[in-house]
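Heads up: the sequence shown begins at 210 in the working numbering, then just goes up one per residue.
Notes to accompany the following structure.
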Amino acid sequence: MAINNPYAAYQNNSVNTASPGELTLMLYNGSLKFIHIAKKAIEEKNIELKNTNIQKTQAIVNELMVTLNTDLEVSQNLMSLYDYIIRRLTEANIKSDVSILEEVEGLLTDFRDTWKEAIQLNRQKQHAGQGGQA
């Protein structure tokens, strides 16, 4: 099936060619986008849009949980935090509570920023390692 929309084609290509680290970054960014939409939906009293976007955020966090390497101690800690986020999102959805979404947004922003920094440090290491080769 041909994609006629150039933006959709670009988006599809960027996902298909992304490294696992970049895909994780995309997941974090997506979760933050959906939280933003859900917060706006609560303010506008659009219950359906709020529910849909909180559920999308939960699906992303579930995906992040599934992809964790549980052999690592840091992953076990992340699993607990992701579980907490899922519970808080459920509570935010039930109560239509923007402050809970802001709490979750803060956590996911921290995760995203840390992940982004790790990707950048990894790239710097790779480039430094290639610089010594002739």
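For every residue, glycine included, the Cβ atom is placed at its ideal position computed from N, Cα and C.
Practice task
Taking only the alpha-carbon atoms, compute the straight-line gap between Leu287 and Arg332 and give it to the nearest angstrom.
Solution key: Here the question's residue 287 lines up with position 78 in the sequence shown. Here the question's residue 332 lines up with position 123 in the sequence shown. Cα to Cα, Leu287 sits roughly 23 Å from Arg332.
Handout entry: Other residues of its chain near Asn214: CB distance less than 8 Å, five sequence neighbours each side excluded
Key = Locating residue 214 in the sequence shown gives position 5, counting from the first residue. None.
Problem - Ser308 classed as buried or exposed, judged by whether at least 16 other C-beta atoms fall within 10 angstroms - result: Taking the sequence shown and counting its residues from 1, the one referred to as residue 308 is at position 99. With fewer than 16 Cβ atoms within 10 Å of its Cβ, Ser308 is classed as exposed.
Handout entry: Sequence-distant residues of the same chain with beta carbon closer than 8 Å to Trp279, five excluded per side
Key = Within the sequence shown, the letter at position 70 stands for residue 279. One detail in the question is off: residue 279 reads as Thr in this sequence, not Trp. The answer, listed in chain order, is Gln285 and Met288.
Practice task
Return the first residue and the last residue of the alpha helix (DSSP H) that Leu234 is part of.
Solution key: Taking the sequence shown and counting its residues from 1, the one referred to as residue 234 is at position 25. Here the alpha helix (DSSP H) through Leu234 covers Pro229 to Glu252.
Handout entry: CB of Leu232 within 8 Å of CB of Arg321, strictly
Key = Counted from its first residue, the sequence shown places residue 232 at position 23. Counted from its first residue, the sequence shown places residue 321 at position 112. In this structure, Arg321 does not lie closer than 8 Å to Leu232 by Cβ.
Exercise for the section: Might you give, ordered along the chain, the residues of its own chain that have their beta carbon closer than 6 Å to the beta carbon of Leu330, omitting 5 neighbours on each side? Expected result: Looking up residue 330 in the sequence shown gives position 121. Around Leu330: no qualifying Cβ.
Problem - Inter-residue spacing [alpha-carbon to alpha-carbon] between Ile328 and Lys334 - result: Within the sequence shown, the letter at position 119 stands for residue 328. Within the sequence shown, the letter at position 125 stands for residue 334. If you take the alpha carbons of Ile328 and Lys334, they lie about 10 Å apart.
Handout entry: Own chain, CB closer than 6 Å to Ser305, minus 5 neighbours either side, in chain order
Key = The count along the sequence shown starts at 1 and reaches residue 305 at position 96. Contacts found: Ile251.
Handout entry: Limits of the unbroken alpha helix (DSSP H) element including Ser284
Key = Residue 284 sits at position 75 when you count from the first residue of the sequence shown. Note, Ser284: alpha helix (DSSP H), Glu282 to Lys304.
Problem - Own chain, CB closer than 7 Å to Ala343, minus 5 neighbours either side, in chain order - result: For this step, residue 343 is matched to residue 134 along the sequence shown. Note on Ala343: pLDDT 46, under 50, position unreliable in the model; no value is reported.
Exercise for the section: May I ask you to check if the CB of Ala247 is nearer than 7 Å to at least one heavy atom of the ligand NAD? Expected result: Within the structure as shown, the ligand NAD is missing, as the structure has no ligands at all.
Exercise for the section: Locate the alpha helix (DSSP H) running through Asn262, then write down its first and last residues. Expected result: Counting from one through the sequence shown, the residue named residue 262 turns up at place 53. First-last of the alpha helix (DSSP H) with Asn262: Ile256 to Val275.
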